[in-house]
Amino acid sequence: MKKKFIILLFFVVVAPGQTEERFYEAFEGGGIAYTPSLLLMPDIAFPAMSNSPKIEGQQYFHGVSGWSALSKRWRIGAQVLSGKISSTGTLGANIEKSEFTLSSGMLLTEYIFPVTHSNHFVLSFAFGVSQISLNYQLSSPAIAWSDIFSVQSSQTLTAKTLPTLAPQIAWLWQFSKRAGFRVNAGAHIFRIRPDAWKLNDFITVTDGYGNQDALLISPMLQIFIYFGA
554 MKKKFIILLF FVVVAPGQTE ERFYEAFEGG GIAYTPSLLL MPDIAFPAMS
604 NSPKIEGQQY FHGVSGWSAL SKRWRIGAQV LSGKISSTGT LGANIEKSEF
654 TLSSGMLLTE YIFPVTHSNH FVLSFAFGVS QISLNYQLSS PAIAWSDIFS
704 VQSSQTLTAK TLPTLAPQIA WLWQFSKRAG FRVNAGAHIF RIRPDAWKLN
754 DFITVTDGYG NQDALLISPM LQIFIYFGA
């Protein structure tokens, strides 16, 4: 009876612990991070527009990234990015406001080049889709209720489902088993079709970019702390 009890105790307590230990030894790691991004947005030139709204202000966007390792060198993941840039000024006696909004969702793959035990260089490539929106408002400093819809002007240009690529190079420092510091540098490349723009989300603008695709290239810098490996 005592022998049977010892065998049962082994399978209940010891064996699961050894299995769990082998699982964590085989698991190559993964992680998650809040990834604030500085994007240098170039001017968007709209053909046949004499007064294109300018993109100015703090070009800072919020992001979240997550990944899982396939091996010691390869890992895959996903990232999302969202934010807006606002600029307010005057045009004669009127007030004008421009607001640029960007949302992106991408899958990523990375290859790791170890330098030391805790320092690595990483080549990263992400691809997905984005949405760009540009809102322009023009109004007088004070307006009466009777003039709201006849005097105030507000137009929104939106381009949805834009193919997006994001090549990056990164340096990371794994300062503990469960956290690290990382710097990413690269660019977001958006391909905009000539018929992608819609005015106020339902009117198609037909003569964009001379009926040719346009590339919008935005240099990017990310500096963040991540949790995982």
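Mapping of the sequence shown onto my numbering: residues 554 to 782, in sequence order. Even for Gly, the Cβ is constructed at its ideal location relative to N, Cα and C.
Residue i to residue j, Cα distance in whole Å?
{"i": "T757", "j": "Q765", "result": "15 Å"}
{"i": "F653", "j": "G733", "result": "32 Å"}
{"i": "G619", "j": "A631", "result": "6 Å"}
{"i": "S552", "j": "L768", "result": "This structure cannot speak to residue 552, because the chain is shown only from 554 to 782."}
{"i": "I629", "j": "L676", "result": "12 Å"}
{"i": "V668", "j": "S771", "result": "29 Å"}
{"i": "K713", "j": "W724", "result": "32 Å"}
{"i": "F576", "j": "R626", "result": "At F576 the pLDDT is 38, less than 50, meaning the model places this residue with poor confidence; the figure from the coordinates comes in the next sentence. Their backbone Cα atoms lie some 19 Å apart in a straight line."}
{"i": "S707", "j": "H741", "result": "28 Å"}
{"i": "I722", "j": "G642", "result": "37 Å"}
Starting from residue i and walking both ways along the beta strand (DSSP E), at which residues does that stretch end?
{"i": "M773", "result": "767-781"}
{"i": "M594", "result": "That residue, M594, is in no beta strand (DSSP E); it is neither H nor E in DSSP."}
{"i": "F678", "result": "672-692"}
{"i": "T662", "result": "647-667"}
{"i": "N586", "result": "The amino acid occupying residue 586 in the given sequence is Ala; Asn does not appear at that position. A586 -> beta strand (DSSP E) spans 583-587."}
{"i": "S621", "result": "613-622"}
{"i": "R735", "result": "732-745"}
{"i": "W750", "result": "750-752"}
If you drop the 5 nearest sequence neighbours on each side, which residues of the same chain put their C-beta closer than 7 Å to that of residue i?
{"i": "G681", "result": "S657, G658, M659, L660, T717"}
{"i": "R746", "result": "D766"}
{"i": "S683", "result": "L655, S656, S657, L715, T717, F743"}
{"i": "G636", "result": "Y613, F614, H615, L655"}
Measure the Cβ-Cβ separation of residue i and residue j and say whether it is below 8 Å.
{"i": "M773", "j": "L591", "result": "yes"}
{"i": "K783", "j": "Q690", "result": "Examination of residue 783 is not possible in this model, given that the chain is present from 554 through 782 alone."}
{"i": "T709", "j": "D748", "result": "no"}
{"i": "I783", "j": "G739", "result": "Because residue 783 is not part of the residues shown, which for the chain are 554 to 782, the question remains open."}
{"i": "F777", "j": "P720", "result": "no"}
{"i": "S640", "j": "G583", "result": "no"}
For residue i, I'd like the list of residues in its chain whose CB is within less than 8 Å of its CB, leaving aside the five on either flank, ordered along the chain.
{"i": "Q612", "result": "L591, L592, L593, M594, I638"}
{"i": "F728", "result": "S671, F734"}
{"i": "W698", "result": "none"}
Below 6 Å CB to CB, which residues in the same chain sit around residue i once its five sequence neighbours on both sides are set aside?
{"i": "Q775", "result": "T588, S590, N737"}
{"i": "V633", "result": "V617, G658"}
{"i": "N672", "result": "W726"}
{"i": "N688", "result": "E652, T709"}
{"i": "F666", "result": "F674"}
{"i": "E663", "result": "R628, V675, S677"}
{"i": "T711", "result": "S686, K751, D754"}
{"i": "Y779", "result": "G584, A586, G733, R735"}
{"i": "F580", "result": "Caution applies to F580, whose pLDDT of 47 falls short of 50 and renders its modelled position unreliable; the value that the coordinates give is listed next. The answer is none, since no qualifying residue turns up."}
At a Cβ threshold of 8 Å, is residue i touching chain C?
{"i": "V682", "result": "As a matter of chain content, chain C is missing from the structure shown, which is built from one protein chain."}
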